[in-house]
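Take a look at the structure below.
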């Protein structure tokens, strides 16, 4: 019984660590922003937490959420978690 409880505790701790390992901005909704005169439209990337992938999108110039990255590498380094890695 005690051994099963230890396994359950370890599993719960692992799940909490895995979820908390993502940066909070990764879970914000994706928004294209709005057109504005200050910044031209540009290609950016956002993280999709359901697929654990980053996707390109056309940012309209202003606004949106902070779930946007200038490069695919920045998005992946911040948000994508490799399930094969244990640390």
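Residue numbers (mature numbering (1 follows the signal peptide of the UniProt record, and there is no 0)): -21 to -1, 1 to 66. Think of the CB as a built atom: it goes at the ideal place given N, C-alpha and C, for glycine as much as any other residue.
For residue i, three-class secondary structure by DSSP
| i | result |
| --- | --- |
| residue 53 | helix |
| residue 41 | strand |
| residue 58 | helix |
For residue j and residue i, believed in contact at Cβ under 8 Å, the rounded distance
| i | j | result |
| --- | --- | --- |
| residue 77 | residue 10 | The chain is shown from -21 up to 66; residue 77 falls before or after that span and cannot be answered. |
| residue 52 | residue 38 | With 8 Å as the limit, residue 52 and residue 38 do not qualify as a contact, their Cβ atoms being about 17 Å apart. |
| residue 7 | residue 46 | 4 Å |
Identified DSSP bridge partners for residue i
| i | result |
| --- | --- |
| residue 2 | According to DSSP, residue 2 bridges with nothing at all. |
| residue 33 | 26 |
| residue 48 | 24 |
Cβ shell of residue i (< 8 Å), same chain only, five flanking positions each side left out
| i | result |
| --- | --- |
| residue 1 | 28, 58 and 60 |
Residues near residue i by beta carbon distance below 6 Å, same chain, minus five either side
| i | result |
| --- | --- |
| residue 4 | 45 and 46 |
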